[in-house]
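Colleague:
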Amino acid sequence: MVVVTVAMVSVVMVVVAAAAAVAMALVVVVVKERVVVEVVAEAEAVVIVVAVAVV
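For the sequence shown, this note's numbering assigns the number 221 to the initial residue and increments by one for each residue that follows.
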């Protein structure tokens with residue numbers, strides 16, 4: 221069970237890292253679109269909250 225937990229945490233961390241990278245890329249691409257940037261920031265915050273809740 222411990223191995224499964226460690227694996228799940230690792231997967232979550234990888235997913236969060238990927239999501240953060242995608243969010244950063246989107247922000248860079250649409251710097252001039254403030255609404256989109258705000259949406260991405262909110263989405264990133266949600267991802268962080270979910271990740272913390274899971275861990």
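Even glycine gets a Cβ: it sits at the ideal position worked out from N, Cα and C.
Could you name the residues of the same chain whose beta carbon sits closer than 7 angstroms to that of A271, not counting the 5 residues immediately before and after it, in chain order?
Modeller: Correct list, in chain order: V232 and V236.
Colleague: Is it buried or exposed, V260, if we count other Cβ atoms within 10 angstroms and call 16 or more buried?
Modeller: Label assigned to V260: buried.
Colleague: Restricting to Cα atoms, I'd like to know which of L246, A238 and A241 is closest to E258.
Modeller: Out of L246, A238 and A241, L246 has the C-alpha closest to the C-alpha of E258.
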